[in-house]
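S.K.:
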Amino acid sequence: MSLREKSATELVQEARERYVARGISTPPLVVDRAEGARIWDVDGREYVDFAGGLGCANLGHNLPAVVDALHAQVDRYLHQCFMVGMYEPYVEVCRRLAELSPCKGAEQKSVLLNSGAEAIENAVKIARVATGRPAVIVFDNAFHGRTLLSMTMTSKVVPYKAGFGPFAPEVYRTPAPYPFRGVSEDDAVDALRYLFKGEVDPHSVACAVLEPVQGEGGFIPMTPDFPKRLQELLDSYGILYVNDEVQSGCGRTGPVWAIEHYGVEPDLLVSGKSLGGGLPLAGVTGRSELMDAVHPGGLGGTFGGNPVACAAASVVLDTVSAPEFRARSERLGETLRTRLDAIARDVDGITDVRGLGPMLAIEVEDGARAGATLAAARSRGLLLLTCGLYGNVIRLLPPLTLSDEDAAAGMDILEAALRETAP
Ligand code: PLP
Numbered sequence: 335m336s337l338r339e340k341s342a343t344e345l346v347q348e349a350r351e352r353y354v355a356r357g358i359s360t361p362p363l364v365v366d367r368a369e370g371a372r373i374w375d376v377d378g379r380e381y382v383d384f385a386g387g388l389g390c391a392n393l394g395h396n397l398p399a400v401v402d403a404l405h406a407q408v409d410r411y412l413h414q415c416f417m418v419g420m421y422e423p424y425v426e427v428c429r430r431l432a433e434l435s436p437c438k439g440a441e442q443k444s445v446l447l448n449s450g451a452e453a454i455e456n457a458v459k460i461a462r463v464a465t466g467r468p469a470v471i472v473f474d475n476a477f478h479g480r481t482l483l484s485m486t487m488t489s490k491v492v493p494y495k496a497g498f499g500p501f502a503p504e505v506y507r508t509p510a511p512y513p514f515r516g517v518s519e520d521d522a523v524d525a526l527r528y529l530f531k532g533e534v535d536p537h538s539v540a541c542a543v544l545e546p547v548q549g550e551g552g553f554i555p556m557t558p559d560f561p562k563r564l565q566e567l568l569d570s571y572g573i574l575y576v577n578d579e580v581q582s583g584c585g586r587t588g589p590v591w592a593i594e595h596y597g598v599e600p601d602l603l604v605s606g607k608s609l610g611g612g613l614p615l616a617g618v619t620g621r622s623e624l625m626d627a628v629h630p631g632g633l634g635g636t637f638g639g640n641p642v643a644c645a646a647a648s649v650v651l652d653t654v655s656a657p658e659f660r661a662r663s664e665r666l667g668e669t670l671r672t673r674l675d676a677i678a679r680d681v682d683g684i685t686d687v688r689g690l691g692p693m694l695a696i697e698v699e700d701g702a703r704a705g706a707t708l709a710a711a712r713s714r715g716l717l718l719l720t721c722g723l724y725g726n727v728i729r730l731l732p733p734l735t736l737s738d739e740d741a742a743a744g745m746d747i748l749e750a751a752l753r754e755t756a757p
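Residues 335 to 757 (this note's numbering) are what the sequence shown spells out, left to right.
Written out as structure tokens, the structure is:
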């Protein structure tokens with residue numbers, strides 16, 4: 335037996351194994367503190383963070399303006415429940431979401447929830463009541479959450495669905511464009527038409543739910559005209575277009591919402607992740623005619639729109655909607671893309687580089703290589719995540735506030751890790 339003292343990381347890992355369910359997967363990282371694009375672990379190791387708490391740190395960790403807003407709110411009250419006593423921070427977030435909404439219609443309203451999955455569930459509830467129809471269309475490679483309905487809408491069996499059935503009824507899946515894997519925009523439009531012929535009466539469909547850049551599914555941006563063509567088809571049957579921007583929103587692709595790249599006005603917007611600046615917050619936004627279709631009391635929840643999370647969200651929305659923030663993000667996207675393209679030319683086994691603005695990823699030959707690259711990067715001080723049906727996509731989710739030095743440091747490590755794992 336080794337007499338070596340256990341590290342702080344090992345001690346927490348041991349306790350984690352003893353007390354925390356194994357169903358939640360965890361890397362060998364125990365965080366001590368975080369600031370901007372940097373994380374320090376409990377043994378003093380420093381990391382550049384290209385994982386961003388799974389897409390929740392578009393503004394980096396502990397942005398001073400967010401922290402100040404939180405402190406001010408913490409000193410007033412922590413929780414009320416909007417159904418017990420209204421409070422301004424909730425209304426202020428809804429006002430900003432209305433002003434920034436990419437959705438159809440002049441007058442926009444929102445409901446606030448705790449998580450992306452809960453917001454997706456609520457978007458479907460609203461669409462069902464507004465249309466009086468039951469069915470929901472979703473796409474290959476979609477990820478919409480882990481609750482019963484949102485898990486049903488998600489398209490990856492292991493780990494998200496295996497053993498968790500029976501699933502929710504009236505969910506129909508169809509391909510989304512994925513040119514790298516041979517699904518063209520025309521194929522996807524044809525497949526949806528076929529679905530309406532062979533599988534589900536379009537007049538019984540309440541909504542179609544689509545991520546403009548599929549996140550967990552592999553950072554797959556929709557082809558330039560697909561959202562428009564989808565919208566035309568949906569409109570012809572009175573089906574609502576629900577735009578899931580839980581991962582692609584809040585500035586991740588440059589504009590506040592990724593759908594702005596596509597010149598389409600969806601019916602409902604689902605937001606989450608970075609919206610709360612590190613606190614749990616999600617929303618559904620749309621024209622009042624849809625949002626007010628639901629009877630009073632039909633929407634809500636104990637913690638949805640918590641005042642502390644709302645205080646952060648107002649700062650987040652003000653920040654990501656500033657033109658200079660967008661310009662900076664777009665520059666970051668160009669820098670990272672140029673570097674990724676150069677690495678892909680130079681290092682074997684990188685099969686695709688893709689993304690929209692600074693929402694970027696590379697596809698490698700298989701999941702084993704992607705996993706090994708993540709481990710190699712972590713040991714050199716860079717945190718990354720994989721995604722994709724085959725787990726072979728390495729995605730970049732750095733803070734959009736990333737300094738040039740941190741961007742270069744992160745990309746240097748990524749390149750070294752890819753070289754180390756090259757076939
Ligand atoms: N929708 C998309 C596009 C997501 O990426 C996610 C989470 O990754 C969700 C919904 C679910 O969000 P949450 O994990 O907050 O429930």
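Yeah, the Cβ is synthetic: ideal placement off N, Cα and C, and Gly gets one too.
Please say whether V364 and V346 have beta carbons closer to each other than 8 Å?
M.R.: Using a Cβ distance threshold of 8 Å, V346 and V364 count as a contacting pair.
S.K.: In its own chain, which residues sit with a C-beta less than 6 Å from the C-beta of A368, not counting the 5 before and 5 after it?
M.R.: H395
S.K.: So, helix, strand or coil for Y424, using DSSP?
M.R.: When secondary structure is reduced to three states using DSSP, Y424 falls in the helix class.
S.K.: Looking only at its chain, what residues have a beta carbon closer than 8 Å to the beta carbon of G635, apart from the 5 residues adjacent to it on each side?
M.R.: L447, N448, E452
S.K.: Under 7 Å from any heavy atom of the ligand PLP, does the C-beta of G466 make it?
M.R.: no
S.K.: Relative to the alpha-carbon of A461, which residue among L624, A702, E351 has its alpha-carbon at the smallest distance?
M.R.: The alpha carbon of A461 has as its nearest neighbour, out of L624, A702, E351, the alpha carbon of L624.
S.K.: Determine the contact status of T735 and G386, defining contact as a CB-CB distance below 8 Å.
M.R.: no
S.K.: Mind checking whether the beta-carbon of G606 lies closer than 7 Å to any heavy atom of the ligand PLP?
M.R.: Within the cutoff, so yes.
S.K.: Which full runs of the alpha helix (DSSP H) of 4+ residues lie inside the segment 631–681, going along the chain?
M.R.: Note on the segment 631–681: whole alpha helix (DSSP H) runs with a minimum of 4 residues are 641–654, 657–680, in chain order.
S.K.: Using beta-carbon positions only, say whether T755 and A706 come within less than 8 Å of one another.
M.R.: In this structure, A706 lies closer than 8 Å to T755 by Cβ.
S.K.: D375 bridges to which residues according to DSSP?
M.R.: V365
S.K.: On a CA-only basis, which of V604, A542, S518 is nearest P468? Give me that one, please.
M.R.: Checking every option, the nearest Cα to that of P468 belongs to A542.
S.K.: Considering only their Cβ atoms, is the gap separating V505 from V618 smaller than 8 Å?
M.R.: no
S.K.: Pull up the distance between the alpha-carbon of L690 and that of V547, whole angstroms please.
M.R.: 8 Å
S.K.: Assuming S484 is part of the beta strand (DSSP E), what are its boundary residues?
M.R.: Taken as a continuous stretch (DSSP letters only), S484 belongs to no beta strand (DSSP E), being part of the alpha helix (DSSP H) at 482–487.
S.K.: According to DSSP, is D686 part of a helix, a strand, or is it coil?
M.R.: strand
S.K.: How many angstroms separate the CA atom of L674 from the CA atom of L412?
M.R.: 43 Å
S.K.: Using 10 angstroms around the beta-carbon of H629, count the other beta-carbons present and answer buried if the total reaches 16, otherwise exposed.
M.R.: Per the 10 Å Cβ criterion, exposed.
S.K.: Does DSSP put H629 in a helix, a strand or coil?
M.R.: coil
S.K.: Can you tell me whether DSSP reads Q414 as helix, strand or coil?
M.R.: DSSP places Q414 outside both helix and strand once states are collapsed to three, so it counts as coil.
S.K.: Hey, is V576 close to the ligand PLP, as in C-beta under 7 Å from one of its heavy atoms?
M.R.: No, Cβ of V576 sits at least 7 Å from all heavy atoms of the ligand PLP.
S.K.: Pick from Y571, V580, K562: whose alpha carbon is nearest that of V539?
M.R.: Y571
S.K.: Which same chain residues end up closer than 6 Å to G439 when comparing Cβ atoms and leaving out the 5 residues on each side of it in sequence?
M.R.: Counting only Cβ-Cβ distances below 6 Å, and skipping sequence neighbours, we find R621.
S.K.: Check whether the segment 582–598 and the segment 473–483 touch, using three or more Cβ-Cβ pairs below 8 Å as the test.
M.R.: By the C-beta criterion, the segment 582–598 is judged not to be in contact with the segment 473–483, since fewer than 3 inter-stretch pairs fall below 8 Å.
S.K.: Does H595 pass the burial test, meaning 16 or more other C-beta atoms within 10 Å, or should it be called exposed?
M.R.: buried
S.K.: Would you tell me roughly how many angstroms separate the C-alpha atoms of K495 and D524, rounded to the nearest one?
M.R.: 27 Å
S.K.: Would you check if the segment 592–607 and the segment 559–571 touch, i.e. whether three or more CB-CB distances between them fall below 8 Å?
M.R.: yes
S.K.: Taking the Cβ atom as the reference point for each residue, do P692 and L666 lie within a distance shorter than 8 Å?
M.R.: yes
S.K.: Since N577 is in the beta strand (DSSP E), which residue starts that stretch and which ends it?
M.R.: Unbroken beta strand (DSSP E) run through N577: 574–578.
S.K.: Which whole-angstrom value describes the C-beta separation of G552 and G722, a residue pair presumed to lie in contact below a C-beta threshold of 8 Å?
M.R.: 3 Å
S.K.: When you measure from the CB of S449 to every non-hydrogen atom of the ligand ZN, does any distance come out below 7 Å?
M.R.: No copy of the ligand ZN occurs in the structure displayed; its ligands are the ligand PLP alone.
S.K.: Please look up how many angstroms separate the CB atoms of L574 and T486, rounded, as I've assumed it's under 8 Å.
M.R.: The pair is not a contact, with the Cβ atoms about 18 Å apart (cut-off 8 Å).
S.K.: Kindly indicate which residue of P732, D682, L731, I747 has the alpha-carbon position closest to the one of A709.
M.R.: I747
S.K.: Could you give the DSSP three-state label for G532: helix, strand or coil?
M.R.: helix
S.K.: Would you list the one or two residues that DSSP bridges to M693?
M.R.: L690
S.K.: Note down, in chain order, each residue of its chain lying with its Cβ closer than 6 Å to the Cβ of V649, except the 5 sequence neighbours on either side.
M.R.: Contacts found: A399, V400, A403.
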